[in-house]
Amino acid sequence: MQLELTLRARAEAMEATAWYLEEGELELGLRFAKELKRTFERIVANPFAWTELGSGVRRALVRGFPYAVLYAVEAERIEVFAIMHQRRHPDQWKR
Numbered sequence: 001m002q003l004e005l006t007l008r009a010r011a012e013a014m015e016a017t018a019w020y021l022e023e024g025e026l027e028l029g030l031r032f033a034k035e036l037k038r039t040f041e042r043i044v045a046n047p048f049a050w051t052e053l054g055s056g057v058r059r060a061l062v063r064g065f066p067y068a069v070l071y072a073v074e075a076e077r078i079e080v081f082a083i084m085h086q087r088r089h090p091d092q093w094k095r
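Counting in the UniProt record's numbering, the sequence shown runs from 1 upward without gaps.
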């Protein structure tokens, strides 16, 4: 199954990585990017293992960071539509 990110999800991933690179340090930013990639790999390996929030939307947590990947499983692909900081309101992704 193929994983695809929406433009919004790509922008959020880039924004979060940039924040860690700027506010933290190079190593922290690289670690975040690597862990986000691992989260994508875990989703592809077992897309139904993660918490369902309703209406087919699932949430996978990024290990070691306060971020979640929100996605939906479709017939032939997995669509990631948000990389969301966990302090945001849970319904933020709907906007």
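Here a beta-carbon is modelled for each residue, glycine too, at the ideal position from N, C-alpha and C.
Only a predicted model underlies this, so the values are computations on that prediction, with no experimental measurement involved.
Just list the residues that DSSP pairs M84 with in beta bridges.
Here residue 84 refers to the residue found at position 84 of the sequence shown. According to DSSP, which records beta bridges pairwise, M84 is partnered with A68.
Cβ-based burial, F48 [other Cβ within 10 Å; buried from 16]
In the sequence shown, residue 48 corresponds to position 48, counting from 1. Classification of F48: exposed, given that the 10 Å Cβ count is below 16.
Residue environment, T39, which counts as buried when at least 16 other CB atoms sit within 10 Å:
The count along the sequence shown starts at 1 and reaches residue 39 at position 39. Label assigned to T39: buried.
At what residues does the alpha helix (DSSP H) containing R58 begin and finish?
Reading the sequence shown from its first residue, position 58 is the one you call residue 58. Per DSSP, R58 belongs to no alpha helix (DSSP H); it is in the beta strand (DSSP E), V57 to L61.
C-alpha gap between Y67 and E74, whole angstroms
Working through the sequence shown from its first residue, we reach residue 67 at position 67. Working through the sequence shown from its first residue, we reach residue 74 at position 74. Each residue's alpha carbon lies about 23 Å from the other.
Rounded to the nearest angstrom, how far is the Cβ of V62 from that of L70, given a contact under 8 Å?
For this step, residue 62 is matched to residue 62 along the sequence shown. For this step, residue 70 is matched to residue 70 along the sequence shown. That belief does not hold up - the Cβ atoms of V62 and L70 are roughly 11 Å apart, past 8 Å.
Specify the secondary structure class of E52 as computed by DSSP and reduced to three states.
Position 52 of the sequence shown, counted from the start, is the residue given in the question as residue 52. Residue state, collapsed to three classes: strand.
Where M1 falls, given that 16 or more other Cβ within 10 Å makes a residue buried
Position 1 of the sequence shown, counted from the start, is the residue given in the question as residue 1. By the neighbour-count rule (16 or more Cβ atoms within 10 Å), M1 is not buried but exposed.
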